[in-house]
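Participant: For reference, the structure I am asking about is given below.
Protein chains in written order, with this note's numbering: chain H, 1 to 131; chain R, 1 to 110.
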């Protein structure tokens, strides 16, 4: 405790929330949400603008940098935002510390594994033979 | 209250079902014509369509209530009247946007 700090122990823990930490997490969740606002609008607009939704048309779209780069960002930021959001839900509703750690670990592995799989699939499309 | 819990439910749905469908869609595309045909067949069933329309609604709902939460993060719109109006608008908006998108995708409106 430093000399100039007059707050009580209760005052120090107030507002930290059920996770007991997380100022950076809170901000990251907001920043990724704004990025996804743009990327989600891009995805919806692209699906509406594409002349058809058959494999050939979609592969051609994701083969070009203008499709592959935003999709890569959507995958990475989307999985990150999902992980951050699901952590809030787990921290709020899973009260036992051991179970909470296990749930967050499963979420982390699912997010990293799923994100890697989606990125690999996108890379195959983007760097594969042109449709 | 309702808008807040729906924000969590739609977010969880998008995280689990939405990202699973996105990943399946991309792996099916990467796998070639046959694997995409298998995906399209499942997506075209009644249950597939219900899931896709549900995800579209969850996306627009989470998007609009997310904007509402960002506005509330600035300390604005905490007055009861405007707060409730904003919450109701997110529900009306998400249903309208979902209907508009599917009407366009299914060729009802061109």
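The beta-carbon is built from N, C-alpha and C at its ideal position, and this holds for glycine as well.
1. Helix, strand or coil for residue 91 of chain H, going by three-state DSSP, please let me know.
2. With H, G and I counted as helix, E and B as strand and the rest as coil, what does DSSP make of residue 50 of chain H?
3. So, do the segment 67-76 of chain H and the segment 110-130 of chain H have three or more beta carbon pairs nearer to each other than 8 Å?
4. Chain H partners of residue 8 of chain R, CB-CB under 7 Å?
5. How would you list, in chain order, the residues of chain H whose beta-carbon sits under 8 Å from the beta-carbon of residue 23 of chain R?
6. Starting from residue 101 of chain R, find everything on chain H with Cβ-Cβ shorter than 8 Å and list it in chain order.
7. Grab me the residues of residue 53 of chain H's own chain with a C-beta within less than 8 Å of its C-beta, minus the 5 sequence neighbours each way, in chain order.
8. Below 8 Å, how does it come out for the segment 31-44 of chain R and the segment 91-99 of chain R: are there three or more Cβ pairs, yes or no?
9. Check whether the segment 18-36 of chain R touches the segment 78-91 of chain R, taking contact to mean three or more Cβ pairs, one atom from each stretch, closer than 8 Å.
10. By the 7 Å beta-carbon criterion, what residues does the segment 22-38 of chain H contribute toward chain R?
11. Starting from residue 105 of chain R, trace the alpha helix (DSSP H) both ways and give me its first and last residue.
12. Taking residue 85 of chain H as the query, report the chain R residues whose CB atoms sit under 7 Å from its CB, ordered along the chain.
13. Could you tell me which chain H residues have their CB closer than 9 Å to the CB of residue 134 of chain R, listed as they occur along the chain?
14. Could you tell me the boundaries of the alpha helix (DSSP H) in which residue 72 of chain R lies?
Facilitator: According to the structure shown:
1. helix
2. coil
3. yes
4. 89
5. 114, 117, 118, 121
6. 44, 48
7. 47
8. no
9. no
10. 30, 33, 37
11. 80-105
12. 11, 15
13. Because chain R spans 1 through 110 in this model, residue 134 of chain R falls outside it and cannot be assessed.
14. 46-73
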